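The sequence shown begins at 118 in the working numbering and counts up by one.
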Amino acid sequence: MYLLLPNGWHLLLALFLSFLSVVAHELGHALAFHGHNITIKEIGFGAPPFGVFSRVPTWRLSLWGAFANITLAINPIPIGAWVDTSDKDDKQFKQLPYTDQATILGAGIVANIVFSAVVLVLALLFSPLCQ
C-alpha cells in the first residue's frame, strides 16, 4: 500500500512539508536557546503584513505550560520564520562563547537534517518500491 494522491495534491503535500521543515528549523533554534537559558520572547511564522495585506491581522497566541511567556505569531504571508529573544537575552547570547553561539545557530540545520531523514523514511515506507 503506497500513498497515491489525486492530481494537484502532490503540490499541496510539498508545500505542507516545506512549512513543516521551517517549523522544525525554528524549533531547533528555540530548543537550543532554551538549553542555554536564553529566554524566547516570540516565535513567528510568515512575513508580517505589508502592501495589499496590510489590513490582514497577525494572529498572536500565548503558549502555555513551560512556554507560558512565549508568544506565537502567525502572519498571513507564509514565507519565513523567526525566533525572537528579549534585548537582555540578546546581549546574553552575544556574550556566549563562539562555540555556544554556533551551537544555537546550527541547531536549525540539525533539525532540518533530522526532519528530512524522518520524511525520507516515511516516504520510503509508503512508496511502491517497498511493497
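Every residue, glycine too, gets a C-beta built ideally from N, C-alpha and C. Since the model is a prediction, treat every value here as computed from it, not as a measurement.
- For residue 155 against residue 202, the beta-carbon gap comes to about 6 Å, under 8 Å, which counts as contact.
- By the criterion of a C-beta distance shorter than 8 Å, residue 227 is surrounded in its chain by 145, once the five residues flanking it on both sides are discounted.
- The bridge partners DSSP lists for residue 179 are 188.
- Shown here, residue 125 sits in coil according to DSSP, grouped into three states, outside any helix or strand.
- Per DSSP, reduced to three states, the secondary structure at residue 243 is coil, with no helix or strand assignment.
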